[in-house]
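A.B. asks: According to the numbering used here, the sequence shown is numbered sequentially starting from 107.
In this text, a Cβ means the ideal position worked out from N, Cα and C, and glycines have one as well.
The structure is given below, and queries will be raised subsequently.
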Amino acid sequence: MNKKLTILGCGSAMPTIQNNPSGQILEMCDKLFLIDCGEGTQNTMRQLACRTARLYSIFISHLHGDHCFGLISLLSTWGMMNRTQDVHIYAHKDLETLLRPLLDYHCQGMSYQVIFHHIDPKKHEVIFDDRTLTVTTIPLRHSVPTCGFLFEEKPRRVHRETGLKPFQYVYCSDTGYKPAIVKYIQGADVLYHEATYTEEYREAADKYQHSTAKQAAKIAKKAGVGKLIIGHFSARVIDQSIFLNEAKEEFDNVILGQDKTTYTL
Ligand SMILES: [Zn+2]
Ligand SMILES: [Zn+2]
107 MNKKLTILGC GSAMPTIQNN PSGQILEMCD KLFLIDCGEG TQNTMRQLAC
157 RTARLYSIFI SHLHGDHCFG LISLLSTWGM MNRTQDVHIY AHKDLETLLR
207 PLLDYHCQGM SYQVIFHHID PKKHEVIFDD RTLTVTTIPL RHSVPTCGFL
257 FEEKPRRVHR ETGLKPFQYV YCSDTGYKPA IVKYIQGADV LYHEATYTEE
307 YREAADKYQH STAKQAAKIA KKAGVGKLII GHFSARVIDQ SIFLNEAKEE
357 FDNVILGQDK TTYTL
């Protein structure tokens, strides 16, 4: 079964020509999941002709604007398109407090419901569980409550027969270097980990609770993941090949994330 990741944006908070803020669509177990929704997410989805009829669930890592400013416009557009499937948003409880008045004001009489699921980013717990997969939170280290997400296929007969391990995808953004997460993501097939800075900006990484590309790669190495994709690049770093080169010093199987790109996982 196809597993794909489409990166809509892998820039950080400051807008650049090259990168949109955070947003990605994960296709797994015949479902689509939107992970973070920075400004412009719906425009990029449109440019890529993303089909969203099967997209019912949105996961928001934290409430910094570069991860959620795109929500109200996307939800409003779906209303104008007479969408009928309800949308489930998994996020810190404050998102509902902030977004509900905007929905009430701008999106009256919509043809579908927006259902909020409050998550506690400090906890490691299952927040989504259906027939085919689970999603578990991974507490991260950032200036506001933030969690990553582990998407994990449930074991099926095909796994038992072939000895194959159920697939795991991990999203970790935004976070300072936090080796304590390694136990939660051990052996994952693919890890997307933020790499906001190069080593030159190590002090800024510590101060703002972000990671360098090298630190992201250290996490990938410690966890023994199959593949690392780095993103959330700072506008300060012009030559993005430095991210890749510094990450490769620690972990070989690393991909420099790119906007508007689909990866087969
Ligand atoms: Zn961010
Ligand atoms: Zn942030």
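Going by C-alpha to C-alpha distance, which of D210, E259, G215, M216 sits closest to V232?
C.D. replies: E259
A.B. asks: Measuring only the C-alpha atoms, how far is D312 from S249?
C.D. replies: 11 angstroms
A.B. asks: Fully enclosed by the segment 306–333, which alpha helix (DSSP H) runs are 4 residues long or longer?
C.D. replies: 308–314, 319–329
A.B. asks: Ligand 1 and D172: does any heavy atom of the ligand fall closer than 7 angstroms to the residue's C-beta?
C.D. replies: yes
A.B. asks: Just checking my contact of A353 with A301 at CB under 8 angstroms: how many whole Å lie between their CB atoms?
C.D. replies: 7 angstroms
A.B. asks: Any idea what DSSP makes of Q148, helix, strand or coil?
C.D. replies: helix
A.B. asks: Would you identify the three-state DSSP class for Y162, choosing helix, strand or coil?
C.D. replies: Correct three-state label for Y162: strand.
A.B. asks: CB of A119 to nearest heavy atom of ligand 3: below 7 angstroms?
C.D. replies: Looking for ligand 3 in the displayed structure turns up nothing; the ligands present are ligand 1 and ligand 2.
A.B. asks: Under 7 angstroms: does the beta carbon of H265 sit that close to some heavy atom of ligand 2?
C.D. replies: no
A.B. asks: With a threshold of 7 angstroms on Cβ separation, who are the neighbours of K199 within its own chain once the five nearest residues in sequence on each side are excluded?
C.D. replies: H224
A.B. asks: For ligand 1, I want to know if D365 counts as a neighbour, meaning its beta carbon is within less than 7 angstroms of at least one of the ligand's heavy atoms.
C.D. replies: no
A.B. asks: Between H198 and ligand 1, is there a pair consisting of the residue's CB and a ligand heavy atom that are separated by less than 7 angstroms?
C.D. replies: no
A.B. asks: Tell me, please, which residues DSSP counts as bridged to E356.
C.D. replies: DSSP, once it has assigned bridges, lists no residue as partnering E356.
A.B. asks: What is the DSSP secondary structure of C174, reduced to helix, strand or coil?
C.D. replies: Here C174 carries a helix assignment [DSSP, helix/strand/coil].
A.B. asks: Do H168 and ligand 2 come close, with the Cβ less than 7 angstroms from some heavy atom?
C.D. replies: yes
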